[in-house]
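Heads up: the sequence shown begins at 2 in the working numbering, then just goes up one per residue. Glycine included, C-beta positions come from ideal geometry on N, C-alpha and C. The next block holds one structure in the form of structure tokens; read it before the comments.
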Amino acid sequence: MIKILIVILISVLGIVRWFIARNNNKSSNFLLVSLFIQTLPFGYGKAIYTFLLGLLVDDEKQVLLGAFGNSIRIELGLVFFIFLLSVGFSKLKNNRMINKDNRWFYVILIYSLITFLNPSSVYPLSFLPLISMLLQLLIVLRLLEANVSRVEILEGIFDGLKIITIIQFSLTMLYPVLDIEAVAILFRGEDALEWAQRRQITSAIGTFGHPGTLALFCLVMAIFFLSCQLNKFRSRIASYLIILNLFVIFFTFSRTTYVCTLGILLLIFLVKIYKKGLFSFKNIFTFLVLFVFAGFILYLTPIGDLFIKSDANDQLENRLAHWVLGYQIWVSSPILGVGLNSHVYYMINEMNIRIDSPVITFLTRSPIHNIHMIVLAETGIIGFAIWLYYYTSRIASYSKHCSSSNRVDNIFNLTFVGILSSFFLYGFFGWSPFRVETLMLGIFLGFFARMPLNKY
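And the structure:
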């Protein structure tokens, strides 16, 4: 209930800010972009249909389909789309919903059809939660693209992520720094508190249900602000916001995000400084040398104990077990997979694992902690090849276009390279890139990257 009230409050304040600015003949469109961005970390949507509703496993946990959940939801994005139409944002470029710019969305649609028709699919309609979310986000993005200038979109994203950063920083100060537990359960309930206290060190969770999701979300924000800082867009404020996000990341005690933060922020510096594609020999060599050196220094600090003296070995073994499960799923249907968003359902219903162990129970009831293995299991070797092509081609291409005379394009392109790299690296050890909050933010920021670059 608290989460709903806060989302309503944010929406009302955002609309009031926009209305006041517009009545004073000031720039106002960016405030609507900011408003949408501010709602993302709450991951709020209204389910209109839920698959497997009420179906429990082990008498306590509802059966999942996959990483994208069980529900077809009305996302806040659709409500936002309707609001934009009601205030006059009705322009839409011809054929923007059906042109080549959406080709990667079409790839997902094709695989949705394959999921529906594939005899190896364990739940033919499992793709619908993902498709419904992506479609709603796409129409919002296309509407903003047609009605709001790229400069205003950049300003709106900056404003929205600034407010989110302040919120997450404030919540981190309240919990765990000041140890006010009531804050920890405000947004995701008692389950979030359990995840925050899962190890001997209490972790920050902010508005999220898991420290890892908060950490990755803050890393994406830090990537954006670093891109702004390097391109001299509100550099001073961006620098402060980078520090705040790093502060939050530190208190999540997310080991995977520590490594990703060190590597990805270094990578962004190199791409911007050397003005070459990411995969140039100079970039790769410099990155490896500096990354290993910085990692060694980090290892000598007290943070190193988090990797050596805590439960790091147990968690690594759990992930290896999860990867083995993913491999076994892939072997069952190696060409086309078992269907988009269905691997958890497959583990529960097809693998018939009956071992009385809390660890095994958790592993077979939760999404695999490796998004690349999820893609391999659910889409087969063909889908996995497309997945790898998307990452390598996008990173290679956009990293070559981050130093033009167009500052706005440079920021979006550099941000996109950072997001793709962070999702790819983090994805080997977690599935947070597929959580709705993180995925929607990544798509939103990456949507406005482009090439070839043109002056506006």
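Cross-strand partners of residue i (DSSP beta bridge)
i, result
"G46", "E76"
"T51", "S72"
Option nearest residue i by Cα separation, candidates the options
i, options, result
"F385", "V339, R366 and S406", "V339"
"A48", "Q39, F37, S28 and F69", "F69"
"M222", "I285, M452, L266 and L10", "L266"
"H323", "K4, F429 and Y392", "F429"
"C261", "V8, G419 and V80", "G419"
"Y124", "G67, V184, L227 and S204", "G67"
"A193", "I202, Q201 and E182", "E182"
"S405", "W388, I250 and K273", "K273"
"A185", "Y259, P212 and V80", "P212"
"I383", "Y347, Q316 and I109", "I109"
"I115", "S334, A216, I396 and R143", "S334"
"L155", "F226, N319, R320 and V13", "F226"
"G44", "I5, N103, G161 and V13", "I5"
"S400", "F234, I330 and L271", "L271"
"I158", "M452, V409 and N350", "V409"
"M458", "N24, H344, G190 and I206", "There is no way to answer for residue 458, as the model of the chain reaches only from 2 to 457."
"W432", "E379, H373 and G46", "H373"
"C403", "F413, Q329 and R395", "F413"
"V88", "M452, S72, N148 and S394", "N148"
"R74", "S240, Y241, I165 and F128", "F128"
Delimiting residues of the alpha helix (DSSP H) encompassing residue i
i, result
"T40", "N30 to T40"
"C403", "Element bounds for C403: n/a, residue is neither H nor E."
"A147", "L129 to N148"
"N414", "R408 to Y427"
"F106", "R104 to L118"
"D180", "Looking at the DSSP string, D180 is not in any alpha helix (DSSP H), and its letter there is neither H nor E."
"H344", "H344 to N350"
"Q169", "R151 to T173"
"Q230", "P212 to L231"
"L14", "I3 to N24"
"V437", "V437 to F448"
"V249", "S236 to T253"
"L194", "E191 to A197"
Close beta carbons around residue i, own chain, < 8 Å, minus the five adjacent residues each side
i, result
"G15", "L32, L33, S35, L36 and Q39"
"F82", "Q137, I140, V141 and L144"
"I243", "A223, F226, L227 and Q230"
"S121", "S333, S334, L337, G338, V339 and G340"
"E438", "L41, P42, F43, G44, F209, T214 and F218"
Cβ-based neighbour list, residue i, same chain, cut-off 7 Å, excluding 5 preceding and 5 following
i, result
"L442", "L41, F218 and V221"
"L56", "Q63 and V64"
"I444", "L138"
"F424", "P434 and G443"
"I224", "I265, I269, T416, G419, I420 and S423"
"N455", "Its pLDDT being 46, under 50, N455 is placed unreliably by the model, and the measurement read from it follows with that caveat. The answer is none, since no qualifying residue turns up."
"G170", "According to the sequence shown, residue 170 is Phe rather than Gly. Only L245, F248 and V249 meet the Cβ criterion."
Neighbourhood of residue i by C-beta distance below 6 Å, restricted to the same chain and skipping five residues each side
i, result
"W19", "S29, L32 and L33"
"F209", "L215"
"L85", "L144"
"W388", "V376"
CB contact check: residue i to chain D, cutoff 7 Å
i, result
"T416", "Within the model displayed, chain D is absent; a lone protein chain is all it includes."
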